[in-house]
Structure formats: C-alpha cells, structure tokens
Amino acid sequence: MTRNDRITTLLQGRRERLARELGRPLAQRSARSEPLSPRVRGFMLDEAKDLYWNELEWEHITHEEVTEEGHLAELTFPGLLAFVRGLLLEEVMPDALAPADPRPEVVEDLLVFLAARVPELEEALSSPDDEDDEARCRRELDLTSRLLDLVLYLYHRVERPEVERLEAARAD
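FYI, in my numbering the residues of the sequence shown are 1 to 172.
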C-alpha cells in the first residue's frame, strides 16, 4: 500500500466511522465563491501547518494541557481550531466589514496533512531513538489523531450534543 493509499484509507475510515456512529450521512461542504489560486491555497495550508507545529511544540515545552487522561487536543491547538472555524465560517454579523467566504478546500487539505502525520508518527513510534523520543512520538500521535477527529467534526458540522454523545461512547 502506498503512502497516499494509507492516507486516503485513514481519512475515509474516520469519515465512515463518524457517519456510522452518528447514524446519518455526513454534511458536505463546498466553497461559495471563486476557487483559490494554488498559491493562495498553499499559503493558507502553510499557515494551518505552522499553527499545528507551533502549538505542538509549545505543548512539548510547557506540558500545560495534561490531565489524568492525557493531553487535551482541544486546549493544545486553540489557534489551529479557531483558524479552521474561520475557514468554515458561512455567516457573519450584519455589521461585519467583509462577507463570509468559506474555504473548506483548505480544511480538506489540512485533513490530508493530519491524516499523513498519523502513519508517520506510527512509524517513528515503531523504532524510537530512546524513551524520551518514544514518549514524544506517543504524545504527538495521540494529539494528532484526536485533532484529526476534531477537525472532522467541524468540517462535517457535527453539533456539540452529537460530539458529546460520540465522546462519551468512545470513553466507555
């Protein structure tokens, strides 16, 4: 199986599991305006990746978002999740200076990036350099896998009560 096949399979599997657990088809998104140029789309994805790397590194330095259950992706990646919500924004306040201009294609690109990180981290975890490297890879894998789910929830318009139900069921 090629790297791209693994990424596609992982992302498709997460979506299928989410739809099955919700008991309904996933909401689909489409851009409302002209497509972004490849340069602008790439720039926006790079901004999302920078947020991912910066917030992940900050968590490695501070270990601020740790509970008995582990690291909390919701608190580890606040900037990235806010950026995603902004990319998916479809309505603005009446006094907003600009109209909503959702860019779900950038969020889809981010999902592919996050899905690619999971097998990379699994491979790194299979042959760590030392115990510290193993612990770091495990944290990154757990956080990235969780972040992938959180971004899927936002992308597919999974409402808060549904998320709470899904999370409670997975915790059992």
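Where is the CB? At the ideal position from N, CA and C, for every residue including glycine.
Computed from a prediction, not measured in an experiment: that's the story for all the values here.
Rounded distance between the beta-carbons of residue j and residue i, thought under 8 Å
i, j, result
"residue 55", "residue 79", "6 Å"
"residue 73", "residue 146", "4 Å"
"residue 137", "residue 125", "4 Å"
"residue 88", "residue 154", "6 Å"
"residue 156", "residue 26", "4 Å"
Collapsed DSSP secondary structure at residue i in the structure displayed
i, result
"residue 70", "strand"
"residue 50", "helix"
"residue 44", "helix"
"residue 76", "helix"
"residue 12", "helix"
"residue 87", "helix"
"residue 2", "coil"
"residue 60", "helix"
"residue 39", "helix"
"residue 18", "helix"
Spatially closest choice to residue i from the options, by CA coordinates
i, options, result
"residue 141", "117, 129, 157, 112", "117"
"residue 32", "10, 103, 58, 112", "103"
"residue 151", "108, 21, 7", "108"
"residue 71", "126, 49, 144, 45", "144"
"residue 34", "100, 48, 52", "100"
"residue 168", "1, 88, 120, 22", "22"
"residue 158", "19, 11, 45, 10", "19"
"residue 17", "166, 171, 172", "166"
Residue i classed as buried or exposed, judged by whether at least 16 other C-beta atoms fall within 10 angstroms
i, result
"residue 63", "exposed"
"residue 122", "exposed"
"residue 93", "exposed"
"residue 199", "No answer is possible for residue 199: it lies beyond the span of the chain, which begins at 1 and ends at 172."
For residue i, the first and last residue of its enclosing alpha helix (DSSP H)
i, result
"residue 35", "Taken as a continuous stretch (DSSP letters only), residue 35 belongs to no alpha helix (DSSP H), as it is neither H nor E."
"residue 152", "131–155"
"residue 165", "160–171"
"residue 104", "104–126"
Heavy atom of the ligand ADP within 7 Å of residue i beta-carbon
i, result
"residue 46", "For the structure depicted, the ligand ADP is absent and the ligand set is empty, with no information on it obtainable."
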